[in-house]
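Reading through the structure tokens given below for one structure.
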Ligand SMILES: C[S@@+](CC[C@H](N)C(=O)[O-])C[C@H]1O[C@@H](n2cnc3c(N)ncnc32)[C@H](O)[C@@H]1O
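In this note's numbering, the protein residues as written are 891 to 977.
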């Protein structure tokens, strides 16, 4: 496991693994879409994205749920958005 300390918008800007299987979003809600944009080119098909308190981030929900987003996305449990990267 690797821990990157600091602002995710900086620490995730480079040196990502070739393939990412899972992304947990639980930092600043307003940054969910920005963090996703930084890593989504490395998300493998079938990768899961779990976003806690996603209702506080309407921009993120709109991005994930739009028909051509490239994700299957649905609300799950209590205020969690569960998404899967499509092929
Ligand atoms: C809801 S808490 C996370 C709690 C954590 N998942 C846990 O279970 O202990 C949100 C955290 O995101 C951090 N955070 C906010 N913006 C961030 C950013 N741009 N980069 C990295 N961390 C950030 C905050 O400092 C805070 O510690």
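Idealized CB from N, CA, C, for every residue including glycine.
From a predicted model like this one, the values you see are computed outputs, not experimental measurements.
Could you tell me which of the options sits nearest to residue i, measuring between CA atoms?
i	options	result
residue 907	939, 942, 927 and 934	934
residue 912	904, 897, 920 and 941	941
residue 900	948, 924, 891 and 972	924
residue 969	904, 947 and 898	947
residue 977	961, 966 and 967	961
residue 944	896, 926 and 930	926
residue 932	896, 904 and 898	904
Which whole-angstrom value describes the C-beta separation of residue i and residue j, a residue pair presumed to lie in contact below a C-beta threshold of 8 Å?
i	j	result
residue 915	residue 939	7 Å
residue 902	residue 928	5 Å
Taking Cβ positions, are residue i and residue j nearer each other than 8 Å?
i	j	result
residue 918	residue 975	no
residue 951	residue 971	yes
Tell me the DSSP bridge mates of residue i?
i	result
residue 942	970
residue 964	972
Ligand 3 heavy atoms versus the CB of residue i: any closer than 7 Å?
i	result
residue 972	By its list of ligands, the structure shown excludes ligand 3, since it contains just ligand 1.
### Query
Unbroken beta strand (DSSP E) runs of length 3 or more, entirely within the region 914-961: which are they?
Taken in chain order, the complete beta strand (DSSP E) segments of 3 or more residues contained in the region 914-961 are 933-942.
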